[in-house]
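So the protein sequences, as listed, match chains E and V. Following my numbering, the numbering of the first sequence begins with 1 at its first residue and continues without gaps. Following my numbering, the numbering of the second sequence begins with 113 at its first residue and continues without gaps. This report refers to the structure that appears directly beneath it.
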Amino acid sequence: QQPVQSPQAVILREGEDAVINCSSSKALYSVHWYRQKHGEAPVFLMILLKGGEQKGHEKISASFNEKKQQSSLYLTASQLSYSGTYFCGTESADNYGQNFVFGPGTRLSVLP
Amino acid sequence: DAGVIQSPRHEVTEMGQEVTLRCKPISGHNSLFWYRQTMMRGLELLIYFNNNVPIDDSGMPEDRFSAKMPNASFSTLKIQPSEPRDSAVYFCASSLGGAGYEQYFGPGTRLTVT
Numbered sequence: 001q002q003p004v005q006s007p008q009a010v011i012l013r014e015g016e017d018a019v020i021n022c023s024s025s026k027a028l029y030s031v032h033w034y035r036q037k038h039g040e041a042p043v044f045l046m047i048l049l050k051g052g053e054q055k056g057h058e059k060i061s062a063s064f065n066e067k068k069q070q071s072s073l074y075l076t077a078s079q080l081s082y083s084g085t086y087f088c089g090t091e092s093a094d095n096y097g098q099n100f101v102f103g104p105g106t107r108l109s110v111l112p
Numbered sequence: 113d114a115g116v117i118q119s120p121r122h123e124v125t126e127m128g129q130e131v132t133l134r135c136k137p138i139s140g141h142n143s144l145f146w147y148r149q150t151m152m153r154g155l156e157l158l159i160y161f162n163n164n165v166p167i168d169d170s171g172m173p174e175d176r177f178s179a180k181m182p183n184a185s186f187s188t189l190k191i192q193p194s195e196p197r198d199s200a201v202y203f204c205a206s207s208l209g210g211a212g213y214e215q216y217f218g219p220g221t222r223l224t225v226t
């Protein structure tokens with residue numbers, strides 16, 4: 001079952017912060033985050049594993065609350081290059097290695 | 113490393129024709145994924161191979177779609193017969209250890225069925 005992402009779209013000014021949320025109705029083993037720029041392929045940002053570990057990538061970090069089956073992606077001091085569509089991908093805990101599914105995406109636009 | 117290679121990059125075909133999309137994963141990766149992306153349906157996983165064996169093909173839409181991975185360095189996705197609703201961007205991705213690992217995406221094949 002596809003995870004839910006919110007918001008669907010967000011517009012920021014350069015330097016502002018944003019949070020993108022991902023939630024699932026299933027128990028999760030891992031959450032993945034990818035960014036896709038227009039006309040390009042998705043690019044990996046980070047993986048969060050069961051255990052609530054928070055990971056970071058430049059000024060982009062994320063958290064994973066396995067009890068709530070939720071993950072959040074934090075973008076701080078956004079740059080123009082952050083524009084794109086952000087997808088979370090989830091791996092189910094009860095069917096490890098299978099049932100990997102991407103969310104519908106959150107479109108982020110960073111304006112100068 | 114060359115990354116994941118897909119061919120062709122663009123394909124335009126008429127309804128009813130057979131279409132074959134090709135993918136070469138990154139050398140050393142043992143998992144390969146085929147995705148379809150449309151505005152309406154987003155990024156859908158069609159099929160996932162691990163060590164050349166299909167692990168999850170629950171996303172394959174119907175019998176018109178078939179995928180093979182005859183060896184570790186090559187995979188095909190075939191649509192026969194093609195229909196206009198198959199128009200989409202098809203991505204191939206590979207990873208070192210399965211769905212739980214970082215996936216490296218190819219540039220995609222844009223398919224248009226008229």
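Just so it is clear, CB atoms sit at the ideal spot from N, CA and C, and this is done for glycine as well.
Inter-residue CB distance, R197 (chain V) and H122 (chain V) (contact presumed, cutoff 8 angstroms): Going by Cβ atoms, the distance from R197 (chain V) to H122 (chain V) rounds to 18 angstroms, so no, they are not a contact pair.
CB-CB length for G103 (chain E) against P3 (chain E), believed under 8 angstroms: 4 angstroms
S185 (chain V), enclosing beta strand (DSSP E) - first and last residue: That residue, S185 (chain V), is in no beta strand (DSSP E); it is neither H nor E in DSSP.
Neighbour flag for G218 (chain V) against chain E, beta carbons, 8 angstroms: yes
Nearest to H32 (chain E) (by Cα), restricted to the options V:G220, V:R176, V:T226 and V:Q215: V:Q215
Coarse secondary structure for L80 (chain E), derived from DSSP in three states: helix
Sub-8 angstroms separation of P219 (chain V) and Q118 (chain V) beta-carbons: yes
Under 8 angstroms between C-beta atoms of S61 (chain E) and C88 (chain E): no
Range of the contiguous beta strand (DSSP E) that encloses I47 (chain E): V43 to L49
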